[in-house]
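Asker: For the sequence shown, the positions run 0 to 407 when numbering that gives the first Met the number 0 is used.
The beta-carbon is built from N, C-alpha and C at its ideal position, and this holds for glycine as well.
Being a predicted model, the structure only gives us computed values, none of them experimental.
Before we start, here is the structure in question, set down as structure tokens.
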Amino acid sequence: MGGRVGIIGAGISGLLACKYVLEKGFEPIVFESQPGVGGVWTHTPETTKLQSSKQAYEFSDFPWPCSVKEEYPDHNQVMEYFESYALHFGLLPHIKFNTKVINIDYSVKQGQDMLSWSHWGGTTDNCFSNPKGKWEITTTSATTVHHHLDQVHEVEFVILCIGRFSGVPNIPEFAPNKGPDALVNGKVIHSMDYAAMDDYEATRFVKGKRVTIVGYQKSALDMANECAITNGAENPCTLLYRNLHWNIPADYSPYTVLAALYLNRFSELMLYKPGEGLFLRHLVTLLSPLRWAISKCVESYIKFKLPLKKYNLIPEHRFSADVTSCSISIAPKSFYDRVEDGSILLKKSKGFSFYASGLAFEDDAIAPLETDIVILCTGYRGDSKLKNIFKSPTFQDYVSNSMVPLYR
Numbered sequence: 000m001g002g003r004v005g006i007i008g009a010g011i012s013g014l015l016a017c018k019y020v021l022e023k024g025f026e027p028i029v030f031e032s033q034p035g036v037g038g039v040w041t042h043t044p045e046t047t048k049l050q051s052s053k054q055a056y057e058f059s060d061f062p063w064p065c066s067v068k069e070e071y072p073d074h075n076q077v078m079e080y081f082e083s084y085a086l087h088f089g090l091l092p093h094i095k096f097n098t099k100v101i102n103i104d105y106s107v108k109q110g111q112d113m114l115s116w117s118h119w120g121g122t123t124d125n126c127f128s129n130p131k132g133k134w135e136i137t138t139t140s141a142t143t144v145h146h147h148l149d150q151v152h153e154v155e156f157v158i159l160c161i162g163r164f165s166g167v168p169n170i171p172e173f174a175p176n177k178g179p180d181a182l183v184n185g186k187v188i189h190s191m192d193y194a195a196m197d198d199y200e201a202t203r204f205v206k207g208k209r210v211t212i213v214g215y216q217k218s219a220l221d222m223a224n225e226c227a228i229t230n231g232a233e234n235p236c237t238l239l240y241r242n243l244h245w246n247i248p249a250d251y252s253p254y255t256v257l258a259a260l261y262l263n264r265f266s267e268l269m270l271y272k273p274g275e276g277l278f279l280r281h282l283v284t285l286l287s288p289l290r291w292a293i294s295k296c297v298e299s300y301i302k303f304k305l306p307l308k309k310y311n312l313i314p315e316h317r318f319s320a321d322v323t324s325c326s327i328s329i330a331p332k333s334f335y336d337r338v339e340d341g342s343i344l345l346k347k348s349k350g351f352s353f354y355a356s357g358l359a360f361e362d363d364a365i366a367p368l369e370t371d372i373v374i375l376c377t378g379y380r381g382d383s384k385l386k387n388i389f390k391s392p393t394f395q396d397y398v399s400n401s402m403v404p405l406y407r
């Protein structure tokens, strides 16, 4: 057995990393704060399903079981699939569940070793080929029973599989005395908190309440739809958004024109990618008219399938812009039916603030909104999550923006 490799996270990336590290003859040790595998799929709203078809979300050496007939499996089926993968390849003995990583650090005797990493471009022999130190991973129990027992694990290499869409919520900044604390007659939570509730708890939380959802991407659409199903038009859910994004019909099939145009290798040639050569950069430019035409074709298809024009929900930007920024989402099956029957109220505003009984808006034409619950579907701070896991300020300085030089 080769050197020890520390893998942080037992989601889909962590499971894959563990499998391939084992195959290469190394000794993996996976740290997972949850009691089971699954990562971001561990805590999701009850109605969560795959946005990609199961063919596009499948391990190359472990197909979906024949019992899964749905084109878009739900979150329970996804979790079962991950668990089966871990069992099949014998990964569970290498995973430390309920183990939270406090920080990681690199222990060296000579300080210049670590400082030289900033000069490594990732294209030649690197300074890890003959390491003079070890990585130290400090962990603690994620359960309250043994929360005080910290441990330090030494490994030769570290693979971070912590994900960007969990852990550290992105809370918008507000003027003094106009933030969430100002809503004294209601509650403000992040979508992460709602997703952590089970179905019964989530239903009780919103039942009979005036709920406002802030955001317009996948979590916001799903949670607005769930609240509308629970409360109906008697207590409509308000969906508050600033920017629109394209969403795909729930009955979208991976065999439609949309998939034929985008879910293929040729479409990759129409996008700029880091590190590509001069020929490929010129090819992207030459194919730009085709990229525009495909985007227009898909937009026409979506506007035909969904009542976007009726509710003034057509984004100002091209569909291709949302594709390249991974901002595409599948609208819940009954979402627009709920908008039609008044269970979901759509409200657009450039900005808002809190007051004692609800929300006030920057737009003077929009009246204040009284609400009991505000759910912020405002995303996550993946950069902060990554930065905070390092103990050394040197490493923290490397994580200065979204372009993190960790993978080579």
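#1: Look up L90 in the DSSP assignment and give the residues it is bridged to.
#2: Compare the C-alpha of G38 against each of C376, N176, S165 and name the closest.
#3: So, under 8 Å CB-CB, I374 and M222 are touching, yes? Tell me the CB distance rounded to an integer number of Å.
#4: Can you tell which of R209, L305, K384 has its C-alpha closest to the C-alpha of Y335?
#5: Less than 8 Å between the C-beta atoms of K302 and Q50, yes or no?
#6: Please name the residue in S106, G178, I343, Y300 whose C-alpha comes closest to that of K390.
#7: Spell out the partners DSSP gives Q150 in its beta bridges.
#8: So what does DSSP say about A232, is it helix, strand or coil?
#9: Give the DSSP-derived three-state secondary structure of T41 in the structure shown.
#10: Our contact map puts L148 next to T137 with C-beta atoms below 8 Å; I'd like the distance itself, whole angstroms only.
#11: Do L345 and Y310 come within 8 Å of each other at the CB atom, strictly closer than that value?
#12: In whole angstroms, give me the CA-to-CA distance for G231 and G207.
#13: Alpha carbon to alpha carbon, what distance is there between P27 and S342?
#14: Less than 8 Å between the C-beta atoms of C160 and G5, yes or no?
#15: Excluding the five sequence neighbours on either side, which residues of its own chain have a C-beta within less than 7 Å of the C-beta of Y84, listed in chain order?
#16: If we ignore side chains and look at the alpha-carbon of each, how far apart do N125 and E155 end up?
#17: Quick one: what's got a C-beta closer than 8 Å to I101's C-beta in the same chain, skipping five residues either side?
#18: Given a cut-off of 8 Å on the beta-carbon distance, is the pair K133 and F30 in contact?
#19: CB F353 to CB F173, shorter than 8 Å?
#20: Where does V373 sit, in a helix, a strand or coil, going by DSSP?
#21: My understanding is that G162 touches G274, with C-beta atoms under 8 Å, so please give their C-beta distance in whole angstroms.
#22: What residue range is occupied by the uninterrupted alpha helix (DSSP H) comprising P288?
#23: What does DSSP give as the partner residue(s) for A101 in the beta ladder?
#24: Let me make sure I understand the geometry here. Which of L90, K68, E22, V338 has the alpha-carbon closest to that of P235?
#25: So which of I372, K349, P34, I365 has the shortest CA-CA distance to S356?
Answerer: Quick look at the numbers:
#1: DSSP lists no partner for L90.
#2: S165
#3: 6 Å
#4: L305
#5: no
#6: S106
#7: T138
#8: helix
#9: helix
#10: So it is not a contact: roughly 12 Å between Cβ atoms.
#11: yes
#12: 9 Å
#13: 50 Å
#14: no
#15: L14, F58, F61
#16: Confidence in N125 is poor, its pLDDT being 49 and thus under 50, which makes the residue's placement unreliable; the coordinate value appears in the next sentence. The alpha-carbon atoms of N125 and E155 are separated by roughly 14 Å.
#17: T137, T138, T139, D149
#18: no
#19: yes
#20: strand
#21: Between G274 and G162 the Cβ distance is about 24 Å, and since that is not below 8 Å, they are no contact.
#22: 287-304
#23: The sequence given here has Ile at residue 101, not Ala. DSSP, once it has assigned bridges, lists no residue as partnering I101.
#24: V338
#25: I372
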